[in-house]
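J.: With my numbering, the residue at position 48 of the sequence shown is 211, and numbering never jumps.
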Amino acid sequence: MKSLKAIFLLWVMTMAVSVEAVMASNPPEKKPRIIITADPELDDNNSLIRFLLYSTDFRVEGLIYASSQFHWKGDGKGTTWYVPNREYGRVGMTQPMTSWRYVPEERFIHENVETYAKVYKNLKVHHPDYPTPEYLLSKIREGNVAFDGDFSKDTPGSELIKQCILDEDDSPLYIQAWGGASTIARALKSIEEIYSGQPNWPALKKRISKKVVLCLSMDQDDTYARYIHPFWPEITELNPNGMQVDLTFFAPLRAKEENKVFYSPEWTQEYIRSKGLFGERYRVWGDGKQMVKDDIFDFFGVSELGKDKLKEKGYILWMPTLLPKGTFISEGDTFCYLNLIDNGLRGDEDPTFCGWTGAKMAIPAEVKSADIPAYLRQKIGLPDFTPAVQYGFAARMAWSVTDDYKKTNHEPTISGANEIEVKAGARVSLKCKVSDPDGNKVKLQWYQFKVGSYTKDVAIDGATTDTATITIPTDAKAGDTLHFVLEATDEGNPPLTRYHRVVLRVK
Numbered sequence: 164m165k166s167l168k169a170i171f172l173l174w175v176m177t178m179a180v181s182v183e184a185v186m187a188s189n190p191p192e193k194k195p196r197i198i199i200t201a202d203p204e205l206d207d208n209n210s211l212i213r214f215l216l217y218s219t220d221f222r223v224e225g226l227i228y229a230s231s232q233f234h235w236k237g238d239g240k241g242t243t244w245y246v247p248n249r250e251y252g253r254v255g256m257t258q259p260m261t262s263w264r265y266v267p268e269e270r271f272i273h274e275n276v277e278t279y280a281k282v283y284k285n286l287k288v289h290h291p292d293y294p295t296p297e298y299l300l301s302k303i304r305e306g307n308v309a310f311d312g313d314f315s316k317d318t319p320g321s322e323l324i325k326q327c328i329l330d331e332d333d334s335p336l337y338i339q340a341w342g343g344a345s346t347i348a349r350a351l352k353s354i355e356e357i358y359s360g361q362p363n364w365p366a367l368k369k370r371i372s373k374k375v376v377l378c379l380s381m382d383q384d385d386t387y388a389r390y391i392h393p394f395w396p397e398i399t400e401l402n403p404n405g406m407q408v409d410l411t412f413f414a415p416l417r418a419k420e421e422n423k424v425f426y427s428p429e430w431t432q433e434y435i436r437s438k439g440l441f442g443e444r445y446r447v448w449g450d451g452k453q454m455v456k457d458d459i460f461d462f463f464g465v466s467e468l469g470k471d472k473l474k475e476k477g478y479i480l481w482m483p484t485l486l487p488k489g490t491f492i493s494e495g496d497t498f499c500y501l502n503l504i505d506n507g508l509r510g511d512e513d514p515t516f517c518g519w520t521g522a523k524m525a526i527p528a529e530v531k532s533a534d535i536p537a538y539l540r541q542k543i544g545l546p547d548f549t550p551a552v553q554y555g556f557a558a559r560m561a562w563s564v565t566d567d568y569k570k571t572n573h574e575p576t577i578s579g580a581n582e583i584e585v586k587a588g589a590r591v592s593l594k595c596k597v598s599d600p601d602g603n604k605v606k607l608q609w610y611q612f613k614v615g616s617y618t619k620d621v622a623i624d625g626a627t628t629d630t631a632t633i634t635i636p637t638d639a640k641a642g643d644t645l646h647f648v649l650e651a652t653d654e655g656n657p658p659l660t661r662y663h664r665v666v667l668r669v670k
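(1) Looking only at DSSP bridge pairs, what is ILE303 linked to?
(2) Please list, in chain order, all residues of the same chain as LYS281 whose beta carbon is under 8 Å from its beta carbon, the five residues on each side excluded.
(3) Between the alpha carbons of GLY442 and ASP638, how many angstroms are there, rounded?
(4) Per DSSP, what kind of secondary structure is SER466 in: helix, strand or coil?
(5) Among SER334, PRO365, PRO362, ALA309, which has the Cα closest to the Cα of THR346?
(6) Quick check: the region 533–545 against the region 484–501, are at least 3 beta-carbon pairs closer than 8 Å?
(7) So what's ARG349 in DSSP terms, helix, strand or just coil?
(8) Is the Cβ-Cβ distance between GLU357 and ILE198 less than 7 Å?
(9) Just how far apart, CA to CA, sit GLU421 and LYS596?
(10) In chain order, what residues of the same chain lie with their CB nearer than 6 Å to the CB of ARG249, ignoring the 5 residues before and after it?
(11) Closest by CA to THR257, which one among VAL246, LEU503, ILE633?
(12) Any contact of the region 514–521 with the region 399–406, i.e. 3+ C-beta pairs under 8 Å?
(13) From the DSSP output, read off the bridge partner residues of SER578.
(14) To the nearest angstrom, report how far apart LYS670 and ALA641 are at their CA atoms.
(15) Three-state secondary structure (DSSP) at VAL185?
(16) Check for me: the beta strand (DSSP E) holding ARG668 runs from which residue to which?
(17) If we ignore side chains and look at the alpha-carbon of each, how far apart do ASP206 and GLU574 end up?
(18) Can you round the beta-carbon distance between SER427 and THR490 to whole angstroms, since I take them to be within the 8 Å contact cut?
(19) Looking only at its chain, what residues have a beta carbon closer than 7 Å to the beta carbon of TRP448, apart from the 5 residues adjacent to it on each side?
(20) Going along the chain, which residues of its own chain have a beta-carbon closer than 7 Å to the beta-carbon of LYS411, five neighbours each way excluded?
(21) At the level of alpha carbons, what is the spacing between THR219 and PRO294?
(22) For VAL614 and TYR445, I'd like the C-alpha separation in whole angstroms.
(23) Roughly how many whole angstroms lie between the Cα atoms of GLN326 and ARG389?
(24) Compare the C-alpha of GLY306 against each of THR200, TYR217, ARG222, SER353 and name the closest.
(25) So the beta strand (DSSP E) ILE414 belongs to, where does it begin and stop?
(26) Taking the DSSP output, what are the residues bridged to PHE491?
(27) Please return the same chain residues whose Cβ sits closer than 6 Å to the Cβ of ALA187, not counting the five positions on each side in sequence.
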């Protein structure tokens with residue numbers, strides 16, 4: 164959502180359009196507003212580390228402790244709780260309990276923000292928009308963590324969400340549930356209880372439904388199904404189809420051969436684990452750590468004991484195999500915000516645009532769930548985003564340990580028009596200015612992203628230059644849109660990528 168001015172030069176004889184524009188970085192008020200709710204799962208910890216390193220791109224409104232069917236704290240008073248058909252029931256726990264896989268003193272969000280504070284001075288050298296540690300600490304709250312799926316009471320976390328929902332800023336408010344959504348449900352329920360009897364309720368509910376954008380890492384406590392969706396059906400639930408970058412627990416097992424390196428112990432050690440304080444906090448196989456001591460489901464840190472010893476100790480081995488020490492484990496919730504990162508794909512503007520996460524689009528019933536990512540890559544014409552996503556993270560990890568701008572790599576910059584009006588049959592030149600702040604050479608590649616209303620193949624001349632030329636098909640109709648994306652990857656270490664999307668609108 165950048166505000167750009169484009170200069171259009173029309174050569175009537177050649178029916179060509181050349182476009183140049185100066186791109187400014189996103190001003191603070193244009194950055195996506197985002198609230199994170201997370202339970203103390205190790206992949207939430209890892210996703211939070213990446214999120215903090217990309218906090219340059221967001222207005223962080225909340226960092227909230229949450230619960231789920233997998234983790235709930237209890238009320239500290241000995242009250243027992245039990246929901247049928249949950250994780251604990253499936254392993255023989257059939258009696259009400261006072262808590263489940265959640266230590267009373269849990270503070271993984273605080274610990275990651277405190278780590279951020281220790282490296283903040285380095286990070287600011289590389290990007291001026293990192294929020295202060297004090298600001299981030301002021302946004303931490305405890306949400307509805309007591310019991311799985313219980314949203315009967317207001318909490319500091321639900322109150323923060325409620326305040327953001329009701330404030331005067333009507334830009335999209337991205338509320339993410341990396342665990343269960345009970346804290347989000349409580350905020351909405353509280354609003355309903357206060358305002359539903361007032362004359363302006365229909366208008367207020369409509370305004371809230373337009374403003375709030377949910378991204379759920381599954382419905383981990385059924386509160387979306389039980390309350391949010393039935394009572395707030397107009398709220399957008401933003402889960403793009405076909406996760407384009409696999410950061411789940413199973414990623415090392417099912418990655419394409421050329422991408423397996425990004426989950427390997429060697430790559431993870433070189434680019435992530437060796438990078439100071441955040442590297443130490445990033446969970447990997449065989450690291451000797453557990454979020455909750457002796458958690459029977461968290462065998463990753465103690466995997467070197469081997470299958471037989473782990474089973475003897477009572478661990479539930481729910482992965483098909485144990486992976487080598489140092490292997491990537493998971494960032495199962497990172498997909499929630501990848502489309503919101505300011506990488507030039509503008510995935511936050513429209514869920515159909517396709518960013519690093521993927522795109523919201525209809526999938527034929529015959530396409531199996533596991534095949535959706537490949538189906539979308541082929542249908543849309545996407546490049547492989549995995550190297551760009553992983554190297555981007557690697558660069559920011561390097562920033563956290565480097566106080567000299569010249570000693571690390573930074574993304575290329577691209578300026579160009581965001582949108583152009585064209586006529587069917589016209590010859591159009593898409594010109595961008597590409598530079599690299601570190602003086603690295605930059606490799607360029609134009610793609611047609613078939614996410615507009617016109618999805619037939621269009622030939623691109625000069626596809627590896629900063630000026631691509633295309634001919635608008637004669638069968639394109641008024642109102643049709645065509646999307647073209649320039650990918651710029653530098654030759655630094657690690658190699659970093661930025662994009663620029665141009666939307667052509669037929670008049």
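Beta carbons: idealized from backbone N, C-alpha and C, even for Gly. Note that the coordinates shown come from a computational prediction; the quantities given were computed from them, not determined experimentally.
T.: Short version:
(1) LEU226
(2) LEU440
(3) 53 Å
(4) helix
(5) ALA309
(6) no
(7) helix
(8) The residue you asked about is not Glu; residue 357 is Ile in the sequence shown. Contact flag unset, no.
(9) 31 Å
(10) GLN232
(11) VAL246
(12) yes
(13) LYS596
(14) 5 Å
(15) With a pLDDT of 29 at VAL185, under the threshold of 50, the predicted position of this residue should be treated as unreliable, and no value is reported.
(16) 660–669
(17) 26 Å
(18) 7 Å
(19) PHE463, SER466, LEU486, PRO487, LYS488, GLY489, THR490, ILE492
(20) With the sequence shown as reference, residue 411 is identified as Thr, and Lys is not the correct amino acid for it. Result list for THR411: SER493, GLY495, in chain order.
(21) 7 Å
(22) 35 Å
(23) 23 Å
(24) THR200
(25) In the sequence under discussion, the amino acid at residue 414 is Ala, which differs from the Ile named in the question. Looking at the DSSP string, ALA414 is not in any beta strand (DSSP E); the run it does join, the alpha helix (DSSP H), is 414–417.
(26) VAL447
(27) Because ALA187 carries a pLDDT of 38, less than 50, the predicted location of this residue cannot be relied on, and no value is offered for it.
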